[in-house]
Amino acid sequence: MTGIQATQVAPAAGSPRPSVSILAVLVAAVGPLWPFALANGAGYHDNQRILEILCLVLSGLFGAAVLILYRRERIRRLWNTRMMFLLALFFGFGLVSSIVAYSPRHALFEWANFLSLAVMSLLIASEIRTKGDALLDKILLLCGLGCALYIFLEIITYIAVINTGGQPKLEVLVLGFDNYRFLNHVQTATLPLLGLLAIRSNDAKRRIFSWAVISIWWALLFVTAGRGTFIGMLAGVIVTAIFLRKEAVRWCKVMLYSALLGLGVYLLLYVLIPVTLGLQPFGLLFSLVDRSMENPGSGRWSLWVRAWEIIAAHPWLGAGPLHFAHFGRTVQNGAHPHNWILQIACEWGIPAFLCLAAALALAFKKLLATRRYPALADGRNQLILAAWLTGGVAILVDGLVSGLFVMPSSQLWIALYIGCAWGWICSVGPAQAEATMRLSVAMRAGGAIGVLVLIWLLGNGLWPEIRNLSLYEEQSLQKELYPGPVLRPRIWLGGYF
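Residues 1 to 497 (the UniProt record's numbering) make up the sequence shown, in order.
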């Protein structure tokens, strides 16, 4: 059998189970385009946060139901013992940090959110390992359809802008996000998925569709000129080429050619046509060099300095998860440090960061180790490996200068990526790795209770503010203290607390 090996252990009788993978990709794709407010005063970011939490709650309930209802079913081990130990330490440090933080409610929400995302990734990995290529292709197709829907609405907006004849602001050209950089965060996680869709499309119609979507997705990146995404994707492709060499040639060509097609679409639609109509080129690409020379850090330096100050003051346990949004208020430039390393170190503590860094190193080692597996003789699996490696590096590199690890839509896409890559690694492993286990009643009950606790922490973190987001976000501006304040997103659009 080529591709991912689909396996099944003691399937339960009855109707098919709901798919956490499909739920995650649907919520992630639809979130930016949700047509109405889900709470009083909710905007794009707030809607996406509510949908993310709803997705995590449903995923958690599904996991708890499996633990309770399928007691006789044996499960395949998906975890590496050392990696799970490091992650347990990471979340253990985070829990202690949350309890002693300035606001345990806010800290425990962030802790529960991260842990719930990890649980969802585990469930997705289990589905990918069980259902193999069929599920992966569905996920990739839904990703492409979601991006295509967004592109369709962008085309309508573009036509409307051209008809009005005025010079549009970039905010007008980018739909569904309170900040166009949040679109870039999503693009970092989805461009490798779209590349994988293009390379796995066999029939002509699907191939044309997938290449059109990824090319226009690149074009939107050129419009917004997201440096973090550019650098992340470049780093991902370079690392993939270095480690996989000739096995990565076809993958690198797909990413290069799709980017060049996207550049052509950008030059036609956002440069040539506007200039012909007497307007300036749309977007930020032509100001990218000047902007980078004048302000290389785009205001991030003050955030990084504050993060270092918090690390110096709280080196062991950090200030508490989410608490840069409290101690960074005086900087008035962001509710997170725009750097995932500094964020974890200053909020969770240096020991927690070291545990997470070691777990990530083991994960990439495990990913690269798949090159030695017999299943990797199949060219399709080599391309999947290239996509996972590119995506992982791109996410980590972009996260050094952006907030893609804290924004709701990109968090869902990252969790989906981790689950797919995780499940794929397990599916292509050698036969001796097919160990199964049956969880005890105590473990199943403990897991179900743990899920309910996570759901309570998530709800408790959202509840006071969700009743009147407009009032809360107005208060978070602290106009009496700071002249000309701006909303800085974290949990909500008004991220400070």
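Each residue gets a CB set at the ideal place from its N, CA and C atoms; glycine is no exception. Note that the coordinates shown come from a computational prediction; the quantities given were computed from them, not determined experimentally.
*Taking the continuous alpha helix (DSSP H) assigned at K169, which residues delimit it?*
Per DSSP, K169 is not a residue of any alpha helix (DSSP H), being assigned neither H nor E.
*asked:* Beta-carbon within less than 7 Å of I412's beta-carbon, same chain only, minus the 5 sequence neighbours each way: which residues are those?
replied: It is worth fixing the name first, because residue 412 is Leu in this sequence and not Ile. Only A24, V27, A28, E52, C55 meet the Cβ criterion.
*Over the uninterrupted alpha helix (DSSP H) stretch that includes Q48, give me the two end residues.*
Membership of Q48 in the alpha helix (DSSP H) is indicated by the continuous run 44-69.
*Report the residue ranges of all alpha helix (DSSP H) runs contained in full by the stretch 113-184; include only those spanning at least 4 residues, in chain order.*
Counting whole runs of 4 or more residues, the stretch 113-184 contains the alpha helix (DSSP H) stretches 133-164, 170-173.
*asked:* Along the chain, where does the alpha helix (DSSP H) containing R300 start, and where does it finish?
replied: Its alpha helix (DSSP H) spans residues 300-313.
*Can you give the Cα-Cα distance for Q432 and L78, rounded to whole angstroms?*
Confidence is the limiting factor: at Q432 the pLDDT is only 48, short of 50, which leaves the residue's position unreliable and the question unanswerable from this model.
*asked:* The alpha helix (DSSP H) that contains L263, what's its start and end?
replied: Membership of L263 in the alpha helix (DSSP H) is indicated by the continuous run 249-266.
*What distance in whole Å lies between the Cβ atoms of P337 and A307, which are believed to be in contact at a cut-off of 8 Å?*
Their Cβ separation, rounded to whole angstroms, is 4 Å, which keeps A307 and P337 in contact under 8 Å.
_For L342 and W304, what's the separation of their Cα atoms in angstroms?_
Going by the C-alpha atoms only, they are around 7 Å apart.
*asked:* Closest to A313 by C-alpha separation, out of Q280, G165, A335, G349, would be which residue?
replied: Nearest option by C-alpha distance: G349.
*Of the residues N468, F243, I156, W456, the one placed nearest A369, counting alpha carbons only*: If we check each option's Cα against that of A369, F243 comes out closest.
*asked:* For V213 and L196, which I take to be in contact (beta-carbon distance under 8 Å), what is that distance rounded to the nearest angstrom?
replied: With 8 Å as the limit, V213 and L196 do not qualify as a contact, their Cβ atoms being about 12 Å apart.
*Curious, which full-length beta strand (DSSP E) runs of at least 3 residues does the stretch 365-413 contain?*
Here no run is fully enclosed.
*Consult DSSP for L277 and reduce its assignment to one of helix, strand or coil.*
The answer is coil: DSSP assigns L277 none of H, G, I, E or B.
_Own chain, CB closer than 8 Å to Y158, minus 5 neighbours either side, in chain order_ = Excluding sequence positions up to five before and after Y158, its CB lies within less than 8 Å of the CB of L173, L269, all in the same chain and listed in chain order.
*What whole-angstrom Cβ distance do L33 and G176 have, given they're in contact under 8 Å?*
Confirmed, about 5 Å.
_Helix, strand or coil, according to DSSP, for residue 525 in the structure here?_
With the chain covering 1 to 497 only, the question about residue 525 has no answer from this structure.
*Could you have a look at L356 and say whether DSSP puts it in helix, strand or coil?*
Of the three classes helix, strand and coil, the one that applies to L356 here is helix, per DSSP.
*CB-CB under 7 Å to V20, same chain, minus the five flanking residues each way: which ones, in chain order?*
When the five nearest sequence neighbours on each side are left out, the beta carbons in the same chain lying within less than 7 Å of the beta carbon of V20 are those of S59, F62, M120, L123, I124, E127, in order along the chain.
*Cα-Cα separation between G165 and R82, rounded to whole angstroms*: Pairing G165 with R82, the inter-Cα distance amounts to about 60 Å.
_Contact under 8 Å by Cβ, L383 with R206_ = The Cβ atoms of L383 and R206 do not sit closer than 8 Å to each other.
*Rounded straight-line distance, which links the Cα of L356 to that of Y102*: Rounded to the nearest whole angstrom, the CA to CA distance from Y102 to L356 is 23 Å.
*Ordered along the chain, which non-local residues of its own chain (more than five positions away) have a Cβ less than 8 Å from that of Q8?*
Confidence at Q8 is low in this model, with a pLDDT of 43, below 50, so the placement of that residue should be treated as unreliable; the coordinate-derived value is given next. Apart from the 5 residues on each side of it in sequence, Q8 sits with its Cβ closer than 8 Å to the Cβ of T130 in its chain, given in chain order.
*For L86, which residues from the same chain have a beta carbon less than 6 Å from its beta carbon, with the 5 sequence-adjacent residues on both sides left out?*
Cβ neighbours of L86 beyond the five flanking positions: C355, A358, A359.
*Three-state secondary structure (DSSP) of S215*: Helix, per DSSP.
*Check whether the stretch 88-97 touches the stretch 43-52, taking contact to mean three or more Cβ pairs, one atom from each stretch, closer than 8 Å.*
The stretch 88-97 is not in contact with the stretch 43-52.
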